[in-house]
Amino acid sequence: MSQDGIMAAGYRDALLRLIRRRVRDAALSEDIAQDAYVRYLGREGPPAQEGWALIRTIALNLIRDHFRAGARRSFEPIDEEHPADGHTPESAVMLRERVEWFSRAVEAMPPLQREVFIRRRLHGQSAREAAAELGITPAAVDAHAARALVALQKGRGRSGWGGR
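Each residue of the sequence shown is one higher than the last, beginning at 31 in our numbering.
Okay, structure coming up:
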């Protein structure tokens with residue numbers, strides 16, 4: 031590995047933190063960091079004495095380029111007469127009704143079951159994390175989550191909302 035390669039490898043964690051703070055997307059951060067390294071290592075000239083400053087500047091420029099390109103893409107005209115993605119006023123009403131039904135169903139759950147369901151299914155916590163925070167065992171968390179799903183399935187059938 032060249033001297034530049036060794037220097038660049040030492041900046042990886044700091045560079046990823048810098049990028050993640052600005053783009054708030056882990057996959058995009060990895061892509062931008064990779065592009066920054068490719069540009070840093072592919073440049074002409076002698077090894078850089080200011081390695082961190084140079085790779086940081088490259089990354090910040092790539093972030094700016096990404097957001098500029100996104101701004102250009104976001105101003106596409108919308109054909110309101112013929113929505114391409116299938117969203118119609120009727121589908122919006124149906125979606126709103128499903129969300130309201132779901133909210134009522136979750137609110138009707140016993141408090142601990144509701145809390146477990148929200149932590150596991152909506153916030154993505156592991157059974158172990160939820161158990162530690164709620165003061166119960168992971169097995170109890172799994173049991174409450176399973177009961178919550180069964181209740182939602184039964185309620186879904188009774189509500190007449192049986193499909194997608």
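Virtual Cβ for every residue (Gly too), placed ideally from N, Cα, C.
DSSP places glutamine 155 in the coil class of the three-state scheme, outside both helix and strand. The beta carbon of isoleucine 166 lies closer than 7 Å to none in the same chain, with the five residues before and after it left out.
For glutamate 163 and alanine 176, the gap between their C-alpha atoms comes out near 19 Å. Ranked by Cα distance from valine 171, the first of Glu145, Arg186 and Gly81 is Glu145.
Taken atom to atom, the span from the alpha-carbon of leucine 179 to that of aspartate 55 is near 30 Å.
For aspartate 43, the enclosing alpha helix (DSSP H) has its first and last residue at 42-53. Here alanine 138 carries a coil assignment [DSSP, helix/strand/coil].
Non-local beta-carbon contacts of leucine 142 in its own chain, meaning distances under 7 Å to residues more than five positions away in sequence, involve His174 in chain order. Inclusion of isoleucine 62 and alanine 89 in the CB contact set at 8 Å is warranted, their separation being smaller than that value. Residue nearest to aspartate 65 within the set Glu80, Arg51 and Thr87 is Thr87 (criterion: CA-CA distance). Within the model, the alpha-carbon separation for tyrosine 67 versus alanine 99 is close to 21 Å. Where glutamate 60 is concerned, the enclosing alpha helix (DSSP H) starts and stops at 56-72. In terms of Cβ geometry, phenylalanine 147 and methionine 139 form a close pair [threshold 8 Å]. Isoleucine 85 sits in a helix when the DSSP states are folded into three classes. Isoleucine 49 is a Cβ neighbour of isoleucine 93, given a cutoff of 8 Å.
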